[in-house]
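Enquirer:
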Amino acid sequence: AQSVAQPEDQVNVAEGNPLTVKCTYSVSGNPYLFWYVQYPNRGLQFLLKYITGDNLVKGSYGFEAEFNKSQTSFHLKKPSALVSDSALYFCAVRDDAAGSNYQLIWGAGTKLIIKP
Amino acid sequence: DTGVSQDPRHKITKRGQNVTFRCDPISEHNRLYWYRQTLGQGPEFLTYFQNEAQLEKSRLLSDRFSAERPKGSFSTLEIQRTEQGDSAMYLCASNPSSGNTIYFGEGSWLTVV
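Line by line, the protein sequences are chains A and B. Per this note's numbering, residue 1 is the first one in the first sequence, and the count goes up by one each step. Per this note's numbering, residue 1001 is the first one in the second sequence, and the count goes up by one each step.
(1) Using a Cβ-Cβ distance cut-off of 8 Å, determine whether Leu-1061/B contacts chain A.
(2) Would a C-beta distance cut-off of 8 Å place Tyr-1035/B and Phe-1021/B closer than the cut-off?
(3) So is Tyr-1103/B in contact with chain A if we call contact Cβ pairs under 8 Å?
(4) Please work out which residues of its chain come closer than 7 Å, Cβ to Cβ, to Arg-1064/B, disregarding the five sequence neighbours upstream and downstream, and give them in chain order.
(5) So, under 8 Å CB-CB, Asp-1086/B and Val-1112/B are touching, yes? Tell me the CB distance rounded to an integer number of Å.
(6) Please confirm whether Ala-1088/B and Tyr-1103/B have their CB atoms less than 8 Å apart.
(7) Let me know the secondary structure DSSP gives Gln-1084/B once reduced to three states.
(8) Any residues in the region 26–48 of chain A with a beta carbon nearer than 8 Å to a beta carbon of chain B? Which ones, in chain order?
(9) Counting only beta-carbon separations shorter than 8 Å, does Gly-1042/B have a partner in chain A?
(10) Are there three or more Cβ pairs, one per stretch, closer than 8 Å when the region 2–13 of chain A is compared with the region 1050–1070 of chain B?
(11) In chain order, what are the residue ranges of uninterrupted beta strand (DSSP E) at least 3 long that sit wholly in the region 32–101 of chain A?
(12) Out of curiosity, what's the CA-to-CA distance linking Gly-1011/B and Ser-1108/B?
(13) With C-beta atoms as the reference, is Gly-62/A less than 8 Å away from Leu-48/A?
(14) Applying a beta-carbon distance threshold of less than 8 Å, which residues of chain B neighbour Gln-103/A?
(15) Against Leu-1117/B, what residues of chain A qualify as contacts under a CB-to-CB distance less than 8 Å, listed in chain order?
(16) Rank Leu-1032/B, Asp-1024/B and Pro-1008/B by C-alpha distance to the C-alpha of Leu-1055/B and give the top, closest one.
(17) Please indicate yes or no: does the CB of Val-27/A lie closer than 7 Å to some heavy atom of the ligand NAD?
(18) Do Lys-22/A and Gln-6/A count as a contact pair if the criterion is CB distance below 8 Å?
(19) Nearest to Pro-31/A by CA position, among Asn-1100/B, Glu-1106/B and Leu-1110/B, is which residue?
(20) Ordered along the chain, which non-local residues of its own chain (more than five positions away) have a Cβ less than 7 Å from that of Thr-24/A?
(21) Identify whether His-1010/B lies in helix, strand or coil by the three-state DSSP scheme.
(22) Grouping DSSP H, G and I as helix and E and B as strand, with all else coil, what is Asp-1063/B?
(23) So with Cβ pairs under 8 Å, would you call Ala-81/A a contact of chain B?
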């Protein structure tokens, strides 16, 4: 069955330190992986995606994510956190296996808090 | 701004009333999605259109919910006989059939009192 896990409900990081938000997935085919960010009372904003190619993908606002097929992970990273990065982050996956639909499977979200 | 547009942004209604939300997708995006999100949770898929055809509908969606996309452009989501459990943010998203990334609107908050 398709699934996405974000094992941490909340991640706390000091401003200027590197941050990692974890995501693992399970699909039967090849994964299409996405990260979105949500600020309070707002919709979801697309950050980055992995479809194919380089395992390290770069996205908006200085974020990047590394696709690791053997560990079925797609962790979100940023070298130096900003207070303005504080938000809710969602990982999502789509399965490209034959017979799958177009639907994204969503993680439960990770609240990122950056402390000054 | 040519992003996904949703209206109204906020709606407070009494239990038992009907409400309708509108979504205008990004121009030329032929796929349109409705999601529901409650506080602290990820988006929950409701339904999906390709052009004017409603291709998929969540089994979780009660028959009080109906969505349309009559001309393959904007879409409406109607909730009849609202219940307190319907209180949530209703998100619309769109993408072209040639693309993998879906783009969300700012959402429509519904509070049923």
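Note that CB positions come from ideal geometry on N, CA and C, so glycine has one too. The structure displayed is predicted, hence computed values, not measured ones.
Expert: Per the coordinate set shown:
(1) The residue labelled residue 1061/B in the question sits at position 61 within the second sequence. Residue-level contact check: Leu-1061/B does not touch chain A, since none of the beta carbons of chain A fall below 8 Å from its beta carbon.
(2) Numbered from 1 along the second sequence, position 35 holds the residue referred to as residue 1035/B. Numbered from 1 along the second sequence, position 21 holds the residue referred to as residue 1021/B. No, the pair does not count as a contact, with Cβ atoms beyond the cut-off.
(3) As a working note, residue 1103/B is residue 103 in the second sequence. Any Cβ of chain A closer than 8 Å to the Cβ of Tyr-1103/B would place that residue at the interface, and such an atom is present.
(4) Here the question's residue 1064/B lines up with position 64 in the second sequence. Closer than 7 Å at the Cβ level, and outside the excluded window around Arg-1064/B, lie Ile-1079, Gln-1080 and Arg-1081.
(5) What you label residue 1086/B is simply residue 86 of the second sequence in a count that begins at 1. What you label residue 1112/B is simply residue 112 of the second sequence in a count that begins at 1. Indeed they touch by this definition, with Cβ atoms about 5 Å apart.
(6) On the second sequence, residue 1088/B is found 88 positions in, with the first residue counted as 1. On the second sequence, residue 1103/B is found 103 positions in, with the first residue counted as 1. With a cutoff of 8 Å on beta-carbon distance, Ala-1088/B and Tyr-1103/B are scored as not near each other.
(7) By one-based count along the second sequence, residue 1084/B stands at place 84. Annotated three-state conformation of Gln-1084/B is helix, per DSSP.
(8) Going along the region 26–48 of chain A in chain order, one finds Tyr-32, Phe-34, Tyr-36, Asn-41, Arg-42, Gly-43, Leu-44, Gln-45 and Phe-46 with a Cβ nearer than 8 Å to chain B.
(9) On the second sequence, residue 1042/B is found 42 positions in, with the first residue counted as 1. Yes, its Cβ sits closer than 8 Å to a Cβ of chain A.
(10) With a cut-off of 8 Å on Cβ pairs, the region 2–13 of chain A is not in contact with the region 1050–1070 of chain B, counting fewer than three such pairs.
(11) The qualifying runs are 44–50, 56–58, 64–68, 73–78 and 87–95.
(12) Locating residue 1011/B in the second sequence gives position 11, where the first residue counts as 1. Locating residue 1108/B in the second sequence gives position 108, where the first residue counts as 1. Rather than Gly, the amino acid found at residue 1011/B in this sequence is Lys. Ser-1108/B has its alpha-carbon roughly 7 Å from the corresponding atom of Lys-1011/B.
(13) Here the question's residue 62/A lines up with position 62 in the first sequence. Here the question's residue 48/A lines up with position 48 in the first sequence. Cβ atoms of Gly-62/A and Leu-48/A: not closer than 8 Å.
(14) The residue you call residue 103/A lines up with position 103 of the first sequence. Around Gln-103/A, the beta-carbon contacts reaching into chain B at under 8 Å are Phe-1045, Tyr-1048 and Glu-1056.
(15) Since the first residue shown for chain B is 1001 and the last is 1113, residue 1117/B is missing from the structure and cannot be characterised.
(16) Position 55 of the second sequence holds residue 1055/B. Checked all of Leu-1032/B, Asp-1024/B and Pro-1008/B; the closest Cα to Leu-1055/B is Leu-1032/B.
(17) This structure simply doesn't include the ligand NAD, nor any ligand for that matter.
(18) Reading the first sequence from its first residue, position 6 is the one you call residue 6/A. Reading the first sequence from its first residue, position 22 is the one you call residue 22/A. Closer than 8 Å, so yes.
(19) As a first step, residue 31/A must be located in the first sequence, where it is residue number 31. Ranking the options by Cα distance to Pro-31/A, first place goes to Asn-1100/B.
(20) Counted from its first residue, the first sequence places residue 24/A at position 24. Only Ala-5, Thr-72 and Ser-73 meet the Cβ criterion.
(21) For the purposes of this step, residue 1010/B is identified with residue 10 of the second sequence, where counting begins at 1. Strand, per DSSP.
(22) For the purposes of this step, residue 1063/B is identified with residue 63 of the second sequence, where counting begins at 1. Here Asp-1063/B sits in coil by DSSP.
(23) By one-based count along the first sequence, residue 81/A stands at place 81. It does not; no Cβ of chain B falls within 8 Å.
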